[in-house]
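Numbering (our numbering), first residue to last: 164 to 476. Don't be surprised by glycine CBs; every beta carbon is placed ideally from N, CA and C. This structure is a prediction, so every number in the text was calculated from the model and none was measured. Heads up, the thing below is written out as structure tokens.
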Amino acid sequence: MSRPHRAALRLVPEPAPGPQARTLGAVELLPGLVRASLMELSGAVLRRGEAVFAPADPAGVDAALLAACAPCFGAERPLGIGVAAAGLVDADAGVIIEVNDAPALRGYPVRERLARFGVPVHVEHRARLQVLGDRWFGPGRGRSDFASVSTGEVLGVGILLGGELLAPPGGRSGAHMTVAGRDRVCTCGARGCWKTVATTRWLRERVAGSGLPATLAGLVASADPQAAAVVDEYAENLALGLLNIQQLFAPGLFVLHGEARDGGGGFRERVQRRLRAASAWSPTAEPPVVVVSSTVVDDIALLGGAGLVLSAR
Ligand SMILES: [Zn+2]
Numbered sequence: 164m165s166r167p168h169r170a171a172l173r174l175v176p177e178p179a180p181g182p183q184a185r186t187l188g189a190v191e192l193l194p195g196l197v198r199a200s201l202m203e204l205s206g207a208v209l210r211r212g213e214a215v216f217a218p219a220d221p222a223g224v225d226a227a228l229l230a231a232c233a234p235c236f237g238a239e240r241p242l243g244i245g246v247a248a249a250g251l252v253d254a255d256a257g258v259i260i261e262v263n264d265a266p267a268l269r270g271y272p273v274r275e276r277l278a279r280f281g282v283p284v285h286v287e288h289r290a291r292l293q294v295l296g297d298r299w300f301g302p303g304r305g306r307s308d309f310a311s312v313s314t315g316e317v318l319g320v321g322i323l324l325g326g327e328l329l330a331p332p333g334g335r336s337g338a339h340m341t342v343a344g345r346d347r348v349c350t351c352g353a354r355g356c357w358k359t360v361a362t363t364r365w366l367r368e369r370v371a372g373s374g375l376p377a378t379l380a381g382l383v384a385s386a387d388p389q390a391a392a393v394v395d396e397y398a399e400n401l402a403l404g405l406l407n408i409q410q411l412f413a414p415g416l417f418v419l420h421g422e423a424r425d426g427g428g429g430f431r432e433r434v435q436r437r438l439r440a441a442s443a444w445s446p447t448a449e450p451p452v453v454v455v456s457s458t459v460v461d462d463i464a465l466l467g468g469a470g471l472v473l474s475a476r
């Protein structure tokens, strides 16, 4: 099947002639919030726009989208606009299928709505897209295989495999992979999802009533040995999902975003150690490396949108 927005990646951006080709457009569509950005080809932000809408009011989405995008793309035509959308996305149709907590976005034709700016519009799930942010603007530059991981309140993995974004229709971003016993019920209704043991929500529940800090940063700073044990448990739980990724795709590099950065070097090293142990049998596999992104957390989805524009050329 032809997927023009998932064309093979180019290793070097090639600025096309004309001022309109020197910028990239990115939009992040979240429950109740639209963020937009006009970026240089380097990923540096030139302009930003942001607008909120009532998550249950379909009529408000159009207005919010326009309010956020007009300051960014109104006067200048970027090379394209990459939309990083929460929820379930039909990337080929450019339509949001459904977003939990935001019925206003059900069936929302975001590509059609952005056509007014007169440039190509590409749509993908935001957790998948962040790998393109890292690919073009972060630690994944120059690589054709690696994984980019959201941690914290949301959990997900974007995978670049053989230079292409791994984004099959009907696939998801990993949060609901079954990795644990059946005693933990997920928000999706299933049991044992990765999300039930490796998010900030799990951390809060894990330390509830213990007197320990309820954040990874607080636990790392604590002198209590029980705090250190919870940090280790969090790292092990995060590694559970990543081990499956390594087993299947051996991406070699894992870029962690979000809360994992609060875990410091010990947390990162523990995850890396687990991944290396799992692939030590192979004489040819690249020993997995885990790095923590220094990108502003809020911008990684927008960078992914901009990366999607570059990748889709
Ligand atoms: Zn689930």
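Every alpha helix (DSSP H) stretch that sits fully inside the segment 381 to 461 and reaches 4 residues is listed by chain position as 388 to 412, 427 to 442.
Using a 10 angstroms sphere on the CB of A384, the tally of other CB atoms stays under 16, which defines it as exposed.
By DSSP's assignment, G245 forms a beta bridge with A189, H285. Separation of G421 and G315 (C-alpha to C-alpha, rounded to the nearest whole angstrom) is 6 Å.
Distance between G188 and I259, taken at the CA atoms: about 19 Å. DSSP places F309 in the uninterrupted beta strand (DSSP E) bounded by 309 to 314. Bounds of the alpha helix (DSSP H) holding D225 are 221 to 236.
Between the segment 204 to 213 and the segment 273 to 280, the count of C-beta pairs closer than 8 Å stays below three; the two stretches do not touch. Residue pairing from DSSP places G319 in a beta bridge opposite S313.
Between A248 and A217 the beta-carbon gap is near 18 Å, outside 8 Å, which marks them as no contact. In this structure C349 touches T359 by the C-beta definition: roughly 5 Å separates them, less than 8 Å. Taking the CA atoms as reference points, G427 sits about 38 Å from G257.
Taking 7 Å as the cut-off, one finds no heavy atom of ligand 1 near enough to the beta carbon of T363.
Counting C-beta pairs with one atom in each stretch, the segment 220 to 232 and the segment 290 to 303 have fewer than three that are closer than 8 Å, which means they do not touch.
When only Cα atoms are considered, A254 and F236 end up about 21 Å apart. Of the residues assessed, N263 falls on the exposed side of the cut-off, its CB having fewer than 16 other CB atoms within 10 angstroms. Of the residues assessed, P302 falls on the buried side of the cut-off, its CB having 16 or more other CB atoms within 10 angstroms. Taking the Cα positions, L405 is about 19 Å away from G326.
Put simply, the backbone Cα of R269 is about 19 Å away from that of S336. Within a 10 Å sphere around the beta-carbon of Q409 sit 16 or more other beta-carbons, which makes this residue buried. Exclusion of the five residues before and after R347 leaves R354, G355, T359, V360 as the residues of its chain whose Cβ lies within less than 7 Å of its Cβ. Rounded to whole angstroms, R437 and A413 show a C-alpha spacing of 13 Å. Look at A290: its beta carbon is at least 7 Å from all of the heavy atoms in ligand 1. Following the DSSP letters along the chain, one finds E203 inside the beta strand (DSSP E) bounded by residues 196 to 203. The beta carbon of A219 lies closer than 7 Å to those of P266, A267 in the same chain, with the five residues before and after it left out.
Judged by DSSP secondary structure, E261 falls within the beta strand (DSSP E) whose first and last residues are 258 to 261. Counting other Cβ atoms within 10 Å of its Cβ, D387 stays below 16 and is therefore classed as exposed.
Residue burial annotation: T447 is exposed, with fewer than 16 other C-beta atoms found within 10 angstroms of its C-beta. Rounded to whole angstroms, the gap between the alpha carbons of S474 and Q389 is 45 Å.
With 5 Å as the limit, the residues whose C-beta approaches a heavy atom of ligand 1 more closely than that are H339, C349, C351, A353, C356, in chain order.
Here the C-alpha atom of V455 lies approximately 12 Å from the C-alpha atom of A310.
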